[in-house]
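Below is one structure; the comments refer to it alone.
In this note's numbering, the protein residues as written are 2 to 796.
Take a look at the structure:
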C-alpha cells in the first residue's frame with residue numbers, strides 16, 4: 002500500500018466544472034440549512050442579541066465582534082423575512098461559503114471532484130457545523146474566513162505566488178475583527194510559511210505588509226470607541242479610551258474563562274470532551290480517512306500536513322482550556338482542517354495502485370478500490386444527514402416568535418417590562434431595537450428594584466414581570482396576577498400543527514360562526530373550505546388528522562351533535578386510527594370533549610380543541626370569542642405576570658437617618674444591599690414598641706453572609722436610659738422620640754459584604770413597631786445601594 006501518485010491540481014486546471022460543482026454543493030447545503038433553520042427569534046444563548054446588534058450597530062460582549070456587527074448590519078437590509086430570520090440565514094449562507102472554499106481546498110490537495118464534493122458535504126452536514134449555521138452568531142463567519150485563508154496558503158504552497166500568500170495574510174487579518182479564535186492558528190500558519198518559503202515569509206517587504214494588514218485588522222475595533230462616543234442604542238462592550246479598548250479587545254471581562262482549567266482537569270475531562278465532539282463530528286469513517294490522509298500528505302508535502310493538522314490542534318487546544326460553553330462553535334475551523342485531511346485520505350483510496358506481476362506498480366488502479374472509495378464518498382455525507390437531521394431540525398420552533406409577538410401586541414401604551422433571565426432580556430431587547438415593536442408606545446425596561454418599579458407605577462405605567470422578576474419583587478411585598486397571551490386565530494394555527502396529529506374541535510353555534518369567518522385553514526385536517534360549517538347558526542364538531550389529506554369526520558347539527566371514534570377506530574376516511582376513544586358533544590350552550598372516557602374540556606360560550614398525538618398525548622385549547630378565537634399560548638414555559646400592588650420601599654444608601662415607621666409598621670422588613678464592589682455594609686435600625694423586639698434574620702438571595710446583633714432598652718429605666726443615650730449619641734440619632742416610659746427601644750445592627758453582587762435578607766422583628774428609623778452605610782453615595790421594604794410574610 003502506498004500514497005496517491007496524483008499530482009496536486011494546478012490552479013490553471015481548476016475548470017468551470019469545479020466552479021459549478023462547488024456552487025451546487027454550497028446550494029445543497031444552504032437548502033438543507035433553510036429547511037431546518039430556526040425560523041426567527043428564539044431564546045438560546047446569545048442568538049437574540051446577535052440578531053439585533055448588527056442592525057443598530059451596537060457592541061455585543063467582549064471582544065465586541067466589529068466585523069460581524071458590520072456584516073450583519075449590511076445583511077439586515079435584505080428584504081427577507083423577519084430580522085431574526087435574516088440573521089439566522091446569514092449564518093447559514095456563511096456556512097455554505099466555508100463549504101464552498103473547502104471544496105477548492107480539497108481539490109488543491111489533489112482530490113478529484115467527487116472526493117472534494119463528498120468531504121465538503123460531509124463537513125457542512127456535521128452535527129456541530131450544521132447546528133451552528135442555523136442561528137445568528139459569528140462562528141460560521143469565522144469558519145468561512147479561516148477556510149478562505151487556508152485555501153490561499155495551500156495555493157501558495159503549490160504555486161509559489163506571493164499574491165496567494167499576501168491574500169491569506171489579509172484574510173486572517175480581517176478575521177481578527179470577528180473572533181479571536183483565529184489566534185490559535187498562528188503557530189501552524191507561521192510554521193507553514195517558514196517551511197514553504199522562509200525567504201518570502203521573512204522578507205522585509207512581507208513583514209512590513211503583514212504588520213500593516215494586522216494593524217488594519219485590529220483597527221476594526223475602533224468601531225467600539227466610535228459607537229461608545231455616539232451612544233449607540235446597545236452598548237455591552239464600551240470603550241472611550243485606548244486602555245478601555247485594550248480591555249475589551251483582549252476580553253479581560255472573560256479572562257477567567259481562558260486557561261480556566263488545571264493541567265489535570267484538561268487531561269482528565271477537557272481533552273476527552275473535545276475529542277468526543279471531534280469524533281462525533283467526523284464519524285469513525287471520517288477519522289480513519291483523516292489518519293490516512295495525514296500519513297499520505299506528510300510524505301507528499303509535509304508543510305501542508307503541518308498546516309492542516311497543526312491548525313486543527315491549535316484550535317482544539319484553545320477550546321480544551323476554555324470554560325465558555327461554546328466548544329462546538331470554537332471547533333468549526335478545526336473541523337474544516339480535519340476534513341481537508343480526510344479528502345486526501347479518500348483520494349488515496351480511490352487512486353490506490355496494485356503491484357503488477359513483475360513487481361512494478363500497475364498504471365491503473367483496479368476497480369475494487371475506486372468502487373470502495375465511491376461507496377465511502379456517498380456513505381459519509383448520507384450518514385451525516387441521517388444521523389444529524391433530527392437533532393438540527395428547528396424549523397417548527399416558533400414558540401418564542403409567537404410569544405413575543407403576542408406580548409408586544411398586548412402591551413398598553415404605557416408599559417414596563419421588568420428585566421429577568423438573560424435570554425428573556427435579550428429577546429425583549431430584540432423586539433424593541435430589532436423590530437421596533439413599541440411602535441410609538443411608551444414601553445420601557447426596568448430592573449427589579451422595588452422603588453424604581455413603584456415610581457413607574459405612580460407615573461401611570463402598567464408593570465409586567467416574568468417569573469424571576471415576580472419572585473424577586475414578591476420578596477419586597479409586591480403582588481402580581483398571571484397574564485395569558487394569545488397567538489394566531491385557530492384556523493391559521495392549524496397550519497402549524499404537526500402531521501398525523503388528531504384534531505378534535507367542538508364549538509357552540511356562536512363559536513362556529515366566528516370560526517367560519519376564516520375557513521381556509523380547515524382543509525389541512527380534511528374539511529374542504531367549500532364544506533366547512535354548512536349550517537350557520539348551528540353547533541359544529543369535527544375529528545380530523547393534520548396533513549392526512551383525506552376527509553375528516555364532521556357533524557353540523559341544528560340543536561346538538563355527538564361524534565364518537567372508538568379506540569383503534571378509523572378517523573374519518575383517513576388511514577389513521579385513534580389511540581384511544583374520542584368523543585365530543587356540542588349544542589346551543591355547551592361544547593365538550595372526552596378522551597378515553599374522561600372529560601378533558603368544556604365551555605359554555607366558545608369552542609374547545611383537543612390535539613391528540615400518535616402516542617396518545619393530549620393538548621387542550623380553549624377558544625374564546627372575546628379573544629377572536631386566537632389560540633392561547635402555553636405560558637408554563639415563560640410565565641408572565643402583571644404587578645397589581647406595590648410594596649412599601651425606601652432607598653436608604655448613605656442617606657443618613659430615615660424615618661421608616663410606615664415601612665416597618667407590620668413588622669417584617671426586607672433589607673437589600675447592592676454594593677458596586679466588595680464592601681462591608683453596615684445598617685442600624687431602631688424600633689420602638691410596647692415590647693422588646695426579638696429579631697431574626699433569614700437569607701433570601703445574593704452573595705455573602707449577613708450578621709445580626711440586637712439589644713433592647715426599656716424607656717424610663719435609668720440603667721437602660723443611660724446605655725440607650727450613649728448608643729444614640731454614637732449613632733448620631735440624638736433626636737429620636739423613644740416614646741413614653743414603659744416603651745421598649747430595640748437597636749438592630751446588620752453587616753454584610755456582598756462581594757460587589759447583592760445581598761437580600763428578611764428581618765423578622767417579631768413585633769409591630771410604633772416608630773422606626775434606619776441608616777445604611779454602603780460603598781457609594783447612591784441611595785439604591787441599600788433598600789428597605791415592608792414584607793407581608795416570611796418567605
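Where is the CB? At the ideal position from N, CA and C, for every residue including glycine. Since we're looking at a predicted model, the values are computed, not measured.
Note: residue 713 is bridge-paired with 747 in the DSSP secondary-structure output. Annotation: the region 413-451 contains the following complete segments of the beta strand (DSSP E) (minimum length 3 residues), in chain order: 415-419 and 443-447. Between residue 390 and residue 398, the alpha-carbon positions lie close to 15 Å from each other. Around the CB of residue 145, 16 or more other CB atoms lie within 10 Å, so the residue is classed as buried.
Residue 487: member of the beta strand (DSSP E) spanning 487-490, first to last residue.
Per DSSP, the beta bridge partners of residue 788 are 652 and 673. Going by DSSP, residue 230 is part of the alpha helix (DSSP H) stretching over 223-230. In the DSSP annotation of this structure, the continuous segment of the alpha helix (DSSP H) that includes residue 74 starts and ends at 67-76. Residue nearest to residue 557 within the set 208, 568, 544 and 688 is 544 (criterion: CA-CA distance). In the DSSP assignment, residue 234 forms no beta bridge with any residue. Inter-residue distance for residue 207 and residue 248 is about 29 Å (C-alpha atoms, whole angstroms). Shown here, residue 754 sits in a strand according to DSSP, grouped into three states. Three or more beta-carbon pairs separated by less than 8 Å are not found between the region 574-587 and the region 463-470, which leaves the two stretches without contact.
Separation of residue 422 and residue 434 (C-alpha to C-alpha, rounded to the nearest whole angstrom) is 18 Å.
Ranked by Cα distance from residue 321, the first of 335, 309 and 308 is 335.
Using a C-beta cut-off of 8 Å, the region 311-331 makes contact with the region 270-282, since at least three inter-stretch Cβ pairs fall below that distance. Bounds of the alpha helix (DSSP H) holding residue 157 are 140-160.
As computed with DSSP, residue 660 is found in a beta bridge with 774.
With contacts defined as CB atoms closer than 8 Å, residue 751 and residue 707 qualify as a contacting pair.
For residue 690, DSSP records a beta bridge to 745. Residue pairing by DSSP puts residue 595 in a beta bridge opposite 584 and 600. For the pair residue 347 and residue 116, the CB atoms are nearer than the 8 Å cut-off.
Nearest neighbour of residue 764 by Cα position, chosen from 790, 789, 775 and 697, turns out to be 697. Nearest to residue 193 by alpha-carbon distance, out of 151, 226 and 223, is 151. If you draw a straight line from the Cα of residue 291 to the Cα of residue 378, it comes to about 14 Å. Between the region 165-183 and the region 61-77, the count of Cβ pairs shorter than 8 Å is three or higher; the stretches touch. A residue is called buried once 16 or more other Cβ atoms fall within 10 Å of its Cβ, and residue 30 is buried on that count. Taking 8 Å as the cut-off, the beta carbon of residue 684 is found no closer than this to the beta carbon of residue 592.
Remark: C-beta atoms of residue 381 and residue 119 approach each other more closely than 8 Å. With contacts defined as CB atoms closer than 8 Å, residue 645 and residue 481 qualify as a contacting pair. For residue 176 and residue 267, the gap between their C-alpha atoms comes out near 27 Å. By the neighbour-count definition (other C-beta atoms within 10 Å, threshold 16), residue 559 is an exposed residue. Here the C-alpha atom of residue 76 lies approximately 22 Å from the C-alpha atom of residue 238. Inter-residue distance for residue 493 and residue 611 is about 16 Å (C-alpha atoms, whole angstroms). The continuous beta strand (DSSP E) containing residue 465 extends over residues 463-467.
Secondary structure remark: continuous alpha helix (DSSP H) runs of at least 4 residues inside the region 292-379, in chain order: 303-321, 328-331 and 333-351.
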